Amino acid sequence: MRRALVAEFLGSLLLAALVVGSGIAAQRLSPDDVGLQLLENAAATAVGLYALILVFSPVSGAHFNPIVSLVDAALGGITWRHFALYVPTQVVGCVTGAIVANVLFDSAPISISTTDRATWPHGLSEVVATLGLLLVIFSLARTGRGEKAAAAVGAYIGAAYWFTSSTSFANPAITIGRVFSDSFAGVAPSAAPLYVLAQLAAAALALPLIRLLYPAVLHEERTA
133 MRRALVAEFL GSLLLAALVV GSGIAAQRLS PDDVGLQLLE NAAATAVGLY
183 ALILVFSPVS GAHFNPIVSL VDAALGGITW RHFALYVPTQ VVGCVTGAIV
233 ANVLFDSAPI SISTTDRATW PHGLSEVVAT LGLLLVIFSL ARTGRGEKAA
283 AAVGAYIGAA YWFTSSTSFA NPAITIGRVF SDSFAGVAPS AAPLYVLAQL
333 AAAALALPLI RLLYPAVLHE ERTA
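Just so you know, this note's numbering puts the end of the sequence shown at 356, numbered straight through with nothing missing.
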């Protein structure tokens, strides 16, 4: 368990650092082109997430996301004790990663974001983005294709930056972490509860869909 928690902390820290840090870099490198900033931020996140999953999945499953851990526990993939320990570890890791990113770019370690994203399209975007992420992850995990998760998750998140108005947070821990950076990737504290509620709603929608589309017996048949 200790190894898994260290992996979740480090993975969450590095995930937040790459999301926030690449956002700051994009702002500075392309100050007059928001579209290019988003492209740079999305590309770095997609590629970095691919690498992080490869590094940490053998140790902890590379969740870095309380919603993924919640659904995994509900499906019996991890124990509820694991879930209870994973969640605070992921949140602390993401907050720490945002602080690290700020420092790397010579900004104040903590700067509360003023970017207000609290509208109903943003909330709906988080439901859609999180639901899609969960389907990608658990469709692979429950059909014997877990080795493809790193590429699939990275690709999905990179794409979801563009087809959702929220730019696809899809993760309560990273949502909380991004509050602590008043930069391109930041989100105002007032918007964070909407995002987390939307992500939880996506988990509630995903569970019956995963059970329907990818029953555990399917995994057994493919690996028999």
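Here a beta-carbon is modelled for each residue, glycine too, at the ideal position from N, C-alpha and C. Here the structure is a predicted model, which means the values were calculated and not measured.
So the candidates are Ala330, Leu170 and Leu339; which of them puts its Cα closest to the Cα of His254? Ala330
Three-state secondary structure (DSSP) at Ala314? The question names Ala, but residue 314 in the sequence shown is Asp. Three-state result, Asp314: coil.
Beta-carbon spacing of Thr307, Tyr327 below 7 Å: yes
In chain order, what residues of the same chain lie with their CB nearer than 8 Å to the CB of Met133, ignoring the 5 residues before and after it? Contacts found: His214 and Leu217.
Keeping to the same chain, check which residues put their C-beta closer than 7 Å to that of Val259; ignore five residues upstream and five downstream. Ala330, Ala333 and Ala334.
Identify the continuous alpha helix (DSSP H) that holds Ile231 and give its terminal residues. Trp212 to Leu236
Is the CB-CB distance between Ala261 and Thr211 below 7 Å? no
Since Pro362 and Pro198 are thought to touch, with beta carbons under 8 Å apart, how far apart are those beta carbons, to the nearest angstrom? In the structure displayed, the chain extends from 133 to 356; residue 362 sits before or after that span and is not available.
Taking just the CA atoms, how far does Pro325 sit from Thr251? 12 Å
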